[in-house]
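Taking this note's numbering, the leading residue of the sequence shown gets 1, the next gets one more, and so forth. Glycine included, every Cβ here is placed at the ideal spot set by N, Cα and C.
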Amino acid sequence: MSLNFDKMDLPPRPKLFDFNGVSMTHFFTQNWENVQNFQARPDDILIATYPKAGTTWVSQILDMLYFGQTCPGRLTTLPIYERVPFLEMAIPNLLTGKDQADELPTTPRLIKTHFPVQFVPKAFWEQNCRIVYVARNAKDNMVSYYHFDCMNQGQPEAGDWNSFFQRFMDGNMVFGPWYDHVNGWWKKKQTYSNIHYMFYEDMIEDTGREIDKLCAFIGLSPSAEEKERVTIGVQFDNMKKNKMANYSTLPIMDFKVSPFMRKGKVGDWKNYFTVAQNEQFDADYKKKMKDPTLQLRCVI
Ligand code: PPS
């Protein structure tokens with residue numbers, strides 16, 4: 001199976017439009033019926049995130065935990081976007097994420113989505129699939145998303161930083177408002193017990209501890225050596241130089257503008273937010289983030 005990106009004619013940047021109340025682009029809606037009818041299996045693992053929250057990091061961790069021993073060649077020959085298909089992705093001339101997921105030979109299948117919780121195909125709930133959700137603090141998430149939209153031809157134009165900042169707060173981003181996304185998934189966790197809700201900042205603080213928690217959730221008990229191998233393999237610098245994890249094989253991304261593995265830090269927002277923007281952001285955040293049980297750290 002190959003996505004055959006080399007031969008791909010780069011499509012023009014897509015436009016945002018309202019789709020069932022959420023800003024989306026046609027790259028993530030044009031296969032809607034097929035995606036909604038996706039046949040999930042009980043052992044599928046869905047990796048759900050708002051874009052730029054740590055999807056690739058957790059995907060690589062899970063892939064190494066499950067398949068690092070049994071099929072190590074997979075990790076060295078297949079890029080992350082083939083090992084962990086992006087379910088709703090439908091870019092012309094490419095195999096859709098849904099078809100890629102259908103063709104995955106692994107058990108479990110690891111599947112990525114950026115859908116807000118209400119868009120998740122019903123089979124995942126019906127099959128009681130395990131879901132790993134990763135949230136990242138809004139400020140760093142915004143900065144990371146800004147650089148991504150600058151370098152990725154598959155995303156709408158980022159515009160300048162000030163307009164992007166406003167657009168993020170207004171929720172006019174692909175996959176909608178960050179605020180609704182993290183809150184929607186958090187709320188779902190209260191009624192659907194098979195969600196493991198993780199935080200990017202916790203992974204930065206102590207990757208080993210978060211891998212332990214993840215293993216407890218998925219029911220794996222790696223040996224100490226195996227855990228060490230995974231922990232080292234997923235360090236930022238190692239993933240950044242790993243061609244099978246760093247997206248450098250995708251021509252749709254222009255690494256001269258910004259690499260996919262950009263900084264991998266908590267607190268980079270301080271290099272972008274002006275003092276006035278920070279005040280404006282905090283006041284707005286307070287109004288939108290009313291649930292005291294959901295706390296995200298923008299410094300550690
Ligand atoms: S995407 O396009 O939505 O799938 O992007 P996603 O993988 O969710 O997020 C990309 C950001 O995660 C950072 N990243 C990491 N940080 C620390 N350690 C590791 N191993 C790691 N892997 C990815 C990546 O650098 C992006 O964040 P920024 O802030 O832009 O550097």
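Asked: Proximity test, W57 beta-carbon vs the ligand PPS heavy atom, cut-off 7 Å; Found: yes
Asked: Member of V143, V234, F86 whose CA lies at the smallest distance from the CA of K270; Found: V143
Asked: Beta-carbon proximity check, I47 vs I111, cutoff 8 Å; Found: yes
Asked: Nearest residue (CA-CA) to E126, options D43, W185, G73; Found: D43
Asked: Neighbour-count burial assignment, K7, 16 or more Cβ in a 10 Å radius; Found: Confidence in K7 is poor, its pLDDT being 45 and thus under 50, which makes the residue's placement too unreliable to answer from.
Asked: Coarse secondary structure for N4, derived from DSSP in three states; Found: Unreliable positioning characterises N4 in this predicted model, as indicated by a pLDDT of 48, which lies under 50. The coordinate reading is nonetheless provided below. Correct three-state label for N4: coil.
Asked: Through-space distance from H26 to Y179, alpha-carbon basis; Found: 22 Å
Asked: Y145 beta carbon less than 8 Å from that of F168; Found: yes
Asked: Beta-carbon separation (whole angstroms), F62 vs I45, contact threshold 8 Å; Found: Correcting the residue type first, residue 62 is Leu in the shown sequence and not Phe. Right, their Cβ atoms sit about 6 Å apart.
Asked: I204 and I300 closer than 8 Å at C-beta; Found: yes
Asked: Between the CA atoms of I252 and R13 - distance to the nearest angstrom; Found: 10 Å
Asked: The ligand PPS heavy atom lying under 7 Å from the CB of S144; Found: yes
Asked: Unbroken alpha helix (DSSP H) run spanning A135, endpoints; Found: Where A135 is concerned, there is no enclosing alpha helix (DSSP H), although the beta strand (DSSP E) it sits in stretches over 130-135.
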